[in-house]
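Top to bottom, those sequences are chains A, B, C, D and E. Heads up: the first sequence begins at 115 in the numbering used here, then just goes up one per residue. Heads up: the second sequence begins at 53 in the numbering used here, then just goes up one per residue. Heads up: the third sequence begins at 751 in the numbering used here, then just goes up one per residue. Heads up: the fourth sequence begins at 4 in the numbering used here, then just goes up one per residue. Heads up: the fifth sequence begins at 36 in the numbering used here, then just goes up one per residue. Cβ atoms here follow ideal geometry from the backbone N, Cα and C, with glycine treated the same way.
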Amino acid sequence: MTLADLHVTETWYLVLGAVLFTIGAIGLLVRRNPLVMFMCIELMLNAVNLTFVAFSRALDDVGGQVIVFFVLVVAAAEVVVGLGIIVALMRTRPGATADDISTMKG
Amino acid sequence: MIEPSSHTPLLTALIVMPFVGAAVLALLPRRRPEIVRLVALVFSVGAGALSIAVLAQFEKGRPGFHLVDHHSWIPSFGINWTLGVDGISLFLVVLTGVLFPLAILGADPHHDSKPYYAWLLVLEAGCFGVFLALDLFLFFVFFEIVLVPMYFLIGQWGHGDRTRAALKFFLFTMFGSAFMLIALISTAILHQQGTGGPLTFDLVAIATNPGIAMTTQRWLFLGFAIAFAVKTPLFPVHTWLPDAHTEAPTAGSVILAGVMLKLGTYGFIRYGLFLFPEASAYFAPMMVTLGVIGITYGAVVATMQKDLKRLVAYSSIAHLGFIVLGTFALTTQGIQGGVLQMVNHGLSTGALFLLVGFIYERRHTREIARLKGLQKVAPIMAAVFMLVMLSSIGLPGLNGFVGEFLIMVGSFLTRRWWTVIAALGVILAALYLLWAYQRVFHGEPDEENAEFPEMRWAEGLLMAPLIGLIVFLGVYPKPVLERIQPSVDALIAHIEDPRVGANQPGGTGFHQPEVATTSPSPSAAPETER
Amino acid sequence: MIEVIVFAISAIIIVGGAFGVVLATNPVHSALALVATLFGIAVLFVAQHADFLAAVQVIVYAGAIVVLFLFVIMLLGVDRSEDLETEPLVGQRPAAIIGGVALLGVALVAMILTHRDFDTVATGARSTVGKLSDPAEENVVKLGRVLFTDYLFAFEITSVLLVIAVVGAVVLARRATGEAGSVDVSERDTVELSE
Amino acid sequence: MLELVWLIPALPLAGFLILVFAGRKLGEPLAGWFATLMCGGAFAATVAVFVGLLDKPEEQRQFQQVLFDWLPVGGLKVQLGFLVDPLSVAMALFVTGVGTLIHLYSIGYMHSDPKFSKFFVYLNLFAFSMLMLVLGNNLLVTFLGWEGVGACSYFLIAFWFSSEANATAGKKAFITNRVGDWGFMLAMFLAFSAAGTLTYFTNGNNVGLLDEGTLAHLTAYTATAIAGLLFIGAVGKSAQLPLYLWLPDAMAGPTPVSALIHAATMVTAGVYLMTRVSPLLAHGYTWLPAAIAVIGALTALFAATVALAQNDIKRVLAYSTVSQLGYMFLAIGSGAYVAAVFHMITHAFFKGLLFLGAGSVIHGMHDEQDMRRMGGLRKYMPVTAFTFILGWLAIAGIFPFSGFWSKDEILISAWGHGGSPLWKALWFVGFITALLTAYYMSRQVFMVFYGKERWREETPADDAHDSHLEPHESTWTMLVPLVVLGVLSTVGGALNLPFSESTKFLQRWLEPVVGATERTIDVPGAVQYAFGAVTCLLCAAAIVLAARVYLQHKLEPVEPEVFAHAYYYDETVSAFVGGPGEDAFEETAEFDKNVVDGAVTGVGSLVQLGASKLRLAQTGYVRNYALGIAVGAFILIGLFLTRAVG
Amino acid sequence: MTAGLFGVVAQTDAGPPIATPHIVWHALTPMVVLIVGAVVILGASAMSRRRSLPGVYAIATVVTGFVAMATAVPLWREVTDPNRGPYSAISGAVAVDGFSVFFMFVICAAVVLAAMLADGYLRREGLDGAELYVLILLSASGGVIMASANDLIVMFLGLEILSIAAYVLAAMHLRRAQSQEAGMKYFVLGAFSSAFFLYGIALVYGSTGSTNLTRIAEFATPVGTVPGTVDPNLLSKGAPALLLAGLALLLVGFGFKIAAVPFHAWVPDVYQGAPTPTVAFMASAVKAAAFAGLLRVFVVAFADNKIDWQPYVYALAVATLLVGAVLAVVQTDVKRMLAYSSINHAGFILVGVQAASAEGTSSALFYLAAYTFMVVGSFGVVAVVSRRGDEHTSLEDFQGMSRREPVLAFVFAIFLLAQAGVPLTSGFFAKFFVLEASINAHSWPLALTAMLSAVIAAFLYLRIVVSMYMSESEEEMEEVEASPVVARSLRAGRIRIPFAAGIALAVAFIATIGWGFFPTGLADSSRDAVPTVSAPVK
């Protein structure tokens with residue numbers, strides 16, 4: 115089996131997307147810096163984008179690509195609001211990590 | 053089965069009257085407790101008068117439901133406002149109507165009288181509703197709604213650890229109701245599926261044509277039974293009762309013992325025997341056993357109580373054990389005795405709680421050890437207490453005996469050995485009550501009790517109707533029994549109807565009566581010599 | 751063949767970038783690693799005939815969002831390194847890794863099962879809103895047509911999203927003032943949006 | 004005349020009701036006179052009914068009067084009705100008769116008691132209840148009276164409730180009686196379940212339980228069971244072994260009460276009941292009458308021995324009563340119902356007399372009850388002493404006093420029962436008891452009325468109290484009953500003289516009731532006479548012996564501790580009830596609190612505990628929460644994939 | 036007009052003209068009203084230099100809500116008219132049916148009530164400004180979009196509109212650290228779960244070929260019932276694993292929003308920290324919208340796959356019911372208690388969802404409508420009682436309230452009892468209908484679990500009632516009664532109930548009691564609102 119016999123099918127992209135999604139998810143779980151956590155969310159969203167585009171090609175459907183636009187917009191809006199929240203938070207508590215904001219529990 | 057609505061919606065008025073009273077109270081100024089009390093009294097007496105009117109309008113000798121009041125409530129779910137009264141519920145309604153004014157008169161809340169009386173009136177409406185409802189859903193609504201006023205009454209006007217007692221009461225009962233609600237909905241749905249008709253919660257329609265498999269009926273019965281067992285209460289789900297009774301204000305205890313415990317036993321008859329005849333017969337050994345355990349166990353535990361109210365509370369457990377025994381004896385005597393005993397217990401235990409309330413008002417204690425020699429200083433109160441106590445013990449000539457005797461006569465026919473044990477409860481009842489009486493009333497009063505005031509006129513007048521009924525029902529229960537009888541006979545016939553119920557009510561083994569007893573005109577049928 | 755190589759290289763960049771985001775102790779490095787990933791994805795978009803998307807990906811994501819990240823990092827001065835050696839929450843890290851891998855595992859299982867049963871992972875109906883492979887139209891035109899027909903409503907309501915983002919940013923970035931009285935619009939800190 | 008039967012209980016009832024409300028107003032002595040009048044009225048009414056019954060031919064001497072349906076429930080049709088037949092009239096006669104006398108006596112005895120009128124309230128209520136018991140035409144009405152007399156007994160024993168002992172005695176009486184009532188109730192249930200009726204004799208639609216037609220359909224097993232259960236009731240009420248315990252304690256009540264309730268009337272209710280249901284006894288297995296006889300005989304002997312060593316004047320009489328009641332049950336068991344009734348009546352006379360006499364003594368001695376502090380009283384209270392001696396001779400079985408005849412008849416019937424040697428043994432027990440009775444009664448008489456005036460030998464410390472103690476004779480209201488009863492005790496035997504059929508008045512009178520079930524005795528007349536003579540002589544010998552011991556002090560008294568303590572039976576039972584019994588109750592209460600309620604609280608605590616553990620998962624760390632979401636997602640996907648094809 | 040606008044665009048382009056779909060404006064009016072109202076308020080607040088009159092924004096918001104409801108009325112008439120019936124619009128992206136209109140009413144009602152609560156609250160906290168109202172209105176529009184979405188992407192966008200606004204709302208009280216913490220947690224977790232949700236959409240898209248629910252439903256329908264539009268061989272084998280995984284992920288996303296266990300962890304923290312009026316909004320409108328999406332996707336679109344998802348919704352329901360009830364027991368903060376209770380309620384509604392039947396859906400609708408008023412009322416009382424700084428929300432702060440504030444205490448008690456499911460309140464019927472549906476679906480154990488959890492939860496409600504009514508000792512109570520001085524001094528510390536909040540509480544109270552007595556209207560409406568899958572495109 116040679117390299118030439120290999121065809122990149124949508125499955126490859128899907129697997130890559132899944133891996134990326136997982137890395138993003140793990141990243142959110144292990145990082146404490148809220149900004150990095152947001153980046154991890156961006157990773158997850160991009161993984162989904164990749165999946166959409168892959169399906170789009172596999173199904174020969176334009177829809178999947180269009181959806182990516184909407185995901186982009188949502189990502190942008192989320193980032194704006196998320197960063198806004200962080201800015202507000204950091205103002206009163208500079209350098210706070212995600213673990214620091216845990217006064218409410220139980 | 054349901055006859056068209058009567059001309060005057062008497063039964064609806066009965067429920068609405070106290071409810072309106074509560075609403076009126078809510079609008080009154082809270083600074084005027086005396087007006088509040090008066091208004092509450094007027095409305096409860098009005099409801100009592102209406103309940104007497106129901107008694108007057110009741111046609112003797114006709115089984116089935118009288119004065120039926122039928123309105124649609126939630127048509128899409130087949131839920132109706134259907135009220136009716138038959139011989140089984142008639143006297144419970146009257147009891148409720150009589151006991152509430154007495155409870156309102158008999159105890160002073162000492163604070164926040166406005167909400168106190170309002171809750172009492174709401175409670176009265178709820179109790180009427182439970183006894184009158186002929187719709188499963190409506191029944192449940194009333195069965196549950198009575199929790200709220202009683203919860204507030206115990207929690208706000210009670211004594212000691214009242215919060216805990218109130219919580220326990222509410223949660224315990226709600227726990228039972230949870231099962232009942234599931235069973236109730238299932239009944240309606242399975243009825244719908246079984247008969248192919250519309251969804252309905254109509255009691256009579258379901259009971260006469262259940263369309264539910266027998267084994268399923270048994271499960272459904274259990275669902276209902278758990279709720280009723282808690283409410284009755286039966287061993288081992290009785291422990292809310294002593295707490296609730298002990299901590300409740302006097303009026304609360306009176307109503308709790310007098311009326312609310314009957315919601316459970318009434319439920320057993322109406323929603324156990326009538327709704328699931330076969331299952332009732334199937335589970336009768338279990339229920340009878342629980343009843344007998346309640347009789348003996350309640351009595352034994354009552355004996356060792358140090359708090360007078362707690363003692364009476366445990367005695368209630370014993371008495372209600374008798375009612376359950378009678379109910380599940382599935383004989384006409386047993387059930388009639390059970391129904392009668394509900395009324396009797398309401399009167400005598402209600403009176404006992406009133407008396408304990410009087411004592412508490414004077415001494416601010418219910419601890420038996422701190423009371424002594426009261427008969428010397430308050431002979432009239434002692435005499436009244438004695439009379440009520442003897443009724444509770446089951447002395448012939450007083451009402452308690454009639455009920456207990458009928459129950460045991462009835463249960464002996466089908467549950468011989470259970471009855472033998474149950475009859476021991478009669479001994480134990482004498483033991484714990486007389487012992488308590490001795491400790492409280494006999495002996496030489498010590499310093500604390502020497503100034504114990506004698507019964508007042510007002511208190512005496514309050515007790516008079518109760519005492520009158522206690523004696524009357526003991527000597528001449530016929531007017532009551534002959535109104536109960538047609539309904540109970542119809543119920544027995546319903547249970548024996550092969551289409552809906554078991555072929556043999558007591559047919560789960562053990563002793564068949566040697567002489568037929570359920571037919572209206574039995575003869576001393578011959579016993580075959582072997 | 752080419753595609754395999756492209757895929758492989760892009761995948762390495764993407765995954766490497768992703769690891770960079772997660773593992774870099776300095777958030778600025780994380781942001782830069784994110785850019786790498788985004789670029790890799792853009793490349794794969796191109797590889798899948800999503801040219802326009804690739805462009806948008808680079809412009810919007812790399813050009814705006816990551817810049818916004820960096821801007822905030824600088825604004826708040828939180829570019830300190832995070833100590834990744836320790837994990838204050840006991841068990842969080844192994845649990846996260848196990849959980850993540852398990853998640854990946856079930857995702858892969860799902861794909862394998864689908865592939866086993868249907869010989870493809872994309873079992874859906876083909877070309878529901880428009881053929882991607884139709885050579886008659888440019889990719890952009892196709893996107894535009896679908897955007898304004900099938901996804902018209904979605905397109906329109908994104909505007910609400912953006913309004914919210916604006917208002918939200920305004921609200922959040924406003925300085926917490928005294929106990930009473932509203933803050934004048936002119937005094938508000940605003941965050942520029944790159945749209 | 005027979006229709007007047009309702010008046011018999013109605014008059015005391017009216018008395019009771021009027022006295023309840025107006026008793027205090029009437030005051031002393033009017034309330035007492037009123038009560039006496041009511042009881043006397045009842046007696047008059049009874050006489051009227053008796054005359055009415057006499058008018059009828061023997062076989063028609065049964066009349067039922069139904070007032071109303073009491074408990075008409077399904078097949079159970081219990082009426083409040085009266086049965087007039089020779090037995091019930093005989094009972095009613097002596098109940099009202101003796102009752103009236105004791106009412107009268109009480110007027111004097113209760114003089115200046117603060118609760119004078121209340122005493123008569125109870126007495127009237129008792130008379131009413133007792134008459135219901137006797138006259139009821141079915142088991143339930145009898146039971147109404149049965150429980151009613153029990154309650155009155157409780158009230159009256161605890162009449163002076165300020166003393167704990169009295170209150171306890173009252174309670175004990177009630178509860179012990181209830182044990183017997185348990186049997187009574189079960190008997191009624193069984194009767195209803197087997198025969199569908201509680202009525203004694205057919206009356207309108209109501210089938211009679213004791214009618215031959217009904218009995219014929221009952222199995223011997225059922226009949227035995229019903230009768231046996233009723234006997235349990237009788238054991239309780241008539242203070243037989245093992246339930247006699249309450250009766251000695253019941254002496255705590257005022258003495259007229261002891262006379263009326265605990266000697267003459269109430270305690271004989273058991274005998275009446277067994278006589279009433281004699282057809283059932285006859286229909287059942289024969290072991291039951293034998294058992295009844297054995298219990299009766301044992302009780303008789305047991306109580307007689309105990310009475311030997313009692314020092315309380317009333318306790319002696321109490322044990323004596325128990326003993327005499329044992330005789331009556333011996334008679335019942337032997338099938339000698341007439342003898343039982345005969346002895347019941349004579350016993351009512353002489354024991355009532357003895358109690359009233361004792362009461363008079365106590366009254367005269369200012370509430371002294373200890374015989375060791377009496378003596379020589381006959382000088383101070385001659386009438387009392389004389390009548391007491393009459394009673395003594397009667398109970399001792401001395402010819403020709405009434406007790407001789409009735410006791411003799413019982414012994415003969417035991418002897419002549421035949422069958423197994425058991426009956427001979429029973430006769431022997433009865434015989435020994437008769438001797439003992441003569442002995443201890445003599446002891447009492449000698450200690451109280453003869454010998455030294457020991458009440459003068461008081462310790463100086465008590466001087467202040469006793470200096471003015473001078474025994475005195477009682478008032479005439481107390482003496483009249485004594486005299487009347489004294490006469491009756493003497494001549495009461497004439498009711499049923501064994502010489503010929505024509506002199507057996509009582510037997511002839513009761514013939515319609517017990518004729519079918521009465522056991523015929525085939526003991527030759529000569530043997531009977533011989534027995535009577537021997538018994539009488541030996542009883543006289545016992546008296547002489549007692550005189551040697553207690554009058555002349557020639558012999559040491561034999562009063563072993565074990566007798567004084569009644570074989571420690573009461574102590575043992577009390578120790579058990581107060582010890583393990585109470586402990587067991589206490590344990591049950593604890594069980595309720597800790598286990599049953601504990602389970603409930605446990606569920607609550609369990610929820611609390613679960614919550615407190617579960618809330619640890621709510622750490623407040625956003626990353627933990629996210630982990631939860633991720634794991635949840637994994638689980639959900641995993642679960643969903645289980646539904647994937649293949 | 037729009038068509039013309041797009042027509043112009045098309046002409047300038049090289050390609051063929053784009054045939055833009057017909058836009059059924061009147062079907063969108065309620066949503067448009069909400070958005071326009073928000074924009075107008077935003078504009079007005081931006082324009083005005085001076086401080087506006089007190090309450091003007093609140094009034095504007097209330098008016099907007101009412102106008103939206105008013106415009107929804109003819110829509111309701113239209114879609115419930117058997118001759119006209121439901122339909123889907125704008126290329127099938129929007130479903131115009133009773134279901135969506137029902138949620139319009141519910142969400143608008145939540146908006147109105149929350150706005151009335153917010154008015155006094157904001158002034159008390161010195162936060163008055165237009166933004167909260169704007170965000171509430173926009174968030175509500177997101178909710179309406181979600182409820183009427185007939186396309187997963189539209190639903191996703193609606194969800195994001197709803198959520199992002201809600202994140203901001205949670206963090207709005209800038210001086211309160213807890214509020215910021217709430218916003219932060221809500222945002223991180225919300226975005227995280229959104230990613231899962233989106234991934235789920237992607238997988239569903241890949242498995243079915245469309246994001247449109249109508250098409251998805253057609254695809255998912257087993258062969259034989261509806262003529263298949265796709266390769267019949269594919270589905271004869273059953274649902275593809277990826278579709279199942281996608282469903283699972285969609286459930287994660289919805290589960291997060293509705294606060295199903297184990298996706299519930301944010302709820303207590305956010306509800307406790309966020310400004311109370313916005314919590315009222317979140318607990319009512321946000322939850323309702325999320326359930327709308329859940330019902331639309333699972334019960335309607337994937338109705339034929341119900342054997343695939345029912346068991347897991349069952350499991351979620353059980354976990355949600357029990358965890359919500361049990362954890363509530365140990366709380367001491369009233370807001371937190373109510374948060375856990377809202378988790379328990381979510382479990383109840385899931386019971387209705389699990390039934391996967393018309394009855395189940397209608398019961399869930401009834402529940403949501405009834406719950407909206409109960410929960411807004413409850414949080415409304417908390418908002419009033421919490422005092423300045425929004426700090427006084429612990430159980431002790433409610434002690435003795437029956438004496439200080441008898442009316443408020445009574446109203447709160449009724450709300451609590453309604454949540455406990457006491458008859459003659461709407462809460463009872465809500466539970467009853469849900470159980471009815473569940474039993475009809477033969478899910479007896481679930482129904483029983485639900486009721487038992489209700490018993491546990493009742494403990495929590497009663498604890499609050501105890502605190503309000505029964506905290507004083509007997510002697511204290513009598514003392515107060517006896518001495519007017521003590522009573523007066525107690526009354527001196529009275530809580531001022533803002534006018535608007537008072538009205539909101541009254542409305543919620545009347546609704547709770549009214550539906551407790553006469554539920555027929557709402558029950559019938561919720562029955563009419565049950566959606567069907569194959570709505571014609573208009």
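| Item | Value |
| --- | --- |
| Would P292(D) pass as a contact of G336(D) if the rule is Cβ separation under 8 Å? | yes |
| Whole-angstrom Cβ separation of G360(D) and W458(D), contact assumed at under 8 Å? | Incorrect: roughly 17 Å between the Cβ atoms, too far for contact. |
| Comparing C-alpha positions only, which one of L63(B), L476(B), G324(B) and F95(B) sits nearest to L142(B)? | L63(B) |
| Based on Cα-Cα distance, which residue from A388(D), D58(D), P484(D) and Q243(D) lies nearest to L333(D)? | Q243(D) |
| If I follow the unbroken alpha helix (DSSP H) through I823(C), where does it start and stop? | V816 to L826 |
| Beta-carbon within less than 7 Å of K410(D)'s beta-carbon, same chain only, minus the 5 sequence neighbours each way: which residues are those? | Y330, H346, G400 and A437 |
| Is the Cβ-Cβ distance between G236(D) and G299(D) less than 8 Å? | no |
| From A336(E) to T249(E), what distance separates their C-alpha atoms? | 7 Å |
| Name, in chain order, the residues that DSSP records as bridge partners for S429(E). | D368(E) |
| Residues of chain B with CB closer than 7 Å to the CB of N247(E), please, in chain order. | Going along chain B, no residue has its Cβ under 7 Å from N247(E), so there is no contact; the nearest lies around 33 Å. |
| Decide if M66(E) is buried, meaning its Cβ has at least 16 other Cβ atoms within 10 Å, or exposed. | buried |
| What residues of chain E sit near G874(C), judged by a beta carbon separation below 8 Å? | Y240, G241, S242, T243, G244, S245, F254 and V265 |
| Quick one: complete alpha helix (DSSP H) runs, 4+ long, within the segment 337-406 of chain B? | 360-379 |
| Distance check for A758(C) and G766(C), CA to CA, integer angstroms please. | 12 Å |
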